[in-house]
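Just so we're aligned: the sequence shown equals residues 100 to 336 in my numbering.
Idealized CB from N, CA, C, for every residue including glycine.
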Amino acid sequence: MAEKWQVTFEIYRQKQGEKAHFVRFSLDVNPEEYVLDGVERIWAFKDRSLCFSHACHHSTCGACGMVVNGVEKLTCITPIREVTKNGGVIRVEPMRNFPVISDLSVDMTSLFARMEAVGHLAVVPVLYEDSKGRSAESEEMLRLSDCIECGLCISACPIAATTPAYLGPAVLAGAQQSGQLTPCVLEMVDSEDGAWRCHSAYECSEVCPSHVDPGWRIMDLRKKIITLRVRSFFGKK
């Protein structure tokens, strides 16, 4: 028989024009279940007005990012056992530094628009290889890049909390990943609210579920910016 725990979910609630508050729900759960399973069960059996985002259930889409007991998590891969104990409390809140649409769902338009602006693509080209490992340079296929644009890094970033104009770790990491910095992208990232605004807290890397390590990528992006500026000063491309 599967182990059963009784836990209390404290769910953040906020509809348009309504003051933010928490609602408590008691659930009997298997501790190996995920936090998202509990949230879905609350919606299915206790309160159909609960609004939250989710899709793939296996950490590919990035839709189910939330703050669980004060830490940014992809709830579809966060076991209940990791965040509480039998008889404990799981507080679930929407991601920080994004406007709340309703309850646990936030508006991530700014992230997607900025990612597009720096040239980061959801898919990147790679050389095609056949079953023998031979590559055909004239052909290309597409694969997913590491960043799933979940927004957890921006939610955890202390600079994003105080400076809305800051591009944010995902965007700067996207610029670093995208390859060559075009003049337009270089102007964006080499700015007061670009790579130089980062205070190297590395909270972004700590919560990243895909091991993109945006903190390191921002430091590497700074090196690239300095190299380009020095080469430009001496008239080299």
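Where does lysine 172 land, buried or exposed, given buried means 16+ other C-beta within 10 angstroms? buried
Ignore the nearest five residues each way along the sequence and tell me which others in lysine 231's own chain have a CB closer than 7 angstroms to its CB. With a pLDDT of 45 at lysine 231, under the threshold of 50, the modelled position of that residue is not reliable, and no figure is offered here.
Identify whether glycine 314 lies in helix, strand or coil by the three-state DSSP scheme. helix
For isoleucine 324 and leucine 285, what's the separation of their Cα atoms in angstroms? 7 angstroms
Could you pull the start and end residues of the alpha helix (DSSP H) that valine 41 belongs to? Here the chain covers residues 100 to 336 and nothing more, so residue 41 does not appear.
Please name the residue or residues paired with threonine 281 in a DSSP beta bridge. In the DSSP output, where bridge partners are listed per residue, threonine 281 has none listed.
Give me whichever residues DSSP pairs with tyrosine 111 in a beta bridge. Phe121
So what does DSSP say about arginine 328, is it helix, strand or coil? helix
For glutamate 215 versus tyrosine 111, is the C-beta spacing smaller than 7 angstroms? no
With contact counted as at least three CB pairs below 8 angstroms, one residue from each stretch, are the stretch 102-110 and the stretch 124-132 in contact? yes
Among Tyr265, Val199, Trp104, Ser254, which has the Cα closest to the Cα of isoleucine 189? Trp104
4-residue-minimum alpha helix (DSSP H) runs that sit fully inside the stretch 143-194, ordered along the chain: 179-182
What is the residue span of the alpha helix (DSSP H) that histidine 304 lies within? The residue you asked about is not histidine; residue 304 is serine in the sequence shown. Counting along the chain, the alpha helix (DSSP H) containing serine 304 begins and ends at 302-306.
Under the rule that 16 or more other beta-carbon atoms within 10 Å means buried, what is glutamate 238, buried or exposed? With a pLDDT of only 49 at glutamate 238, under 50, the local geometry of the prediction cannot be trusted, and no value is derived from it.
Measuring CB atoms only, is the stretch 206-214 touching the stretch 258-278, in the sense that at least three cross pairs come out at less than 8 angstroms? yes
Per-residue DSSP class, three states only, for serine 299: coil
Contact under 7 angstroms by Cβ, glutamate 102 with glycine 161: no
With a 10 Å radius around its C-beta and 16 neighbouring C-beta atoms as the bar for buried, classify aspartate 312 as buried or exposed. buried
Go through its chain and collect everything with a Cβ distance to arginine 316's Cβ below 6 angstroms, but skip five positions before and after it. Ala272, Gln275
Which residue or residues does DSSP assign as beta-bridge partners of aspartate 245? Note: aspartate 245 sits in no beta bridge, so no partner.
For alanine 154 and valine 106, what's the separation of their Cα atoms in angstroms? 24 angstroms
Mind checking which residues open and close the beta strand (DSSP E) that includes serine 201? 199-201
Under the three-state reduction of DSSP, which class applies to serine 254: helix, strand or coil? helix
Could you tell me whether the Cβ atoms of alanine 255 and glutamate 302 are closer together than 7 angstroms? yes
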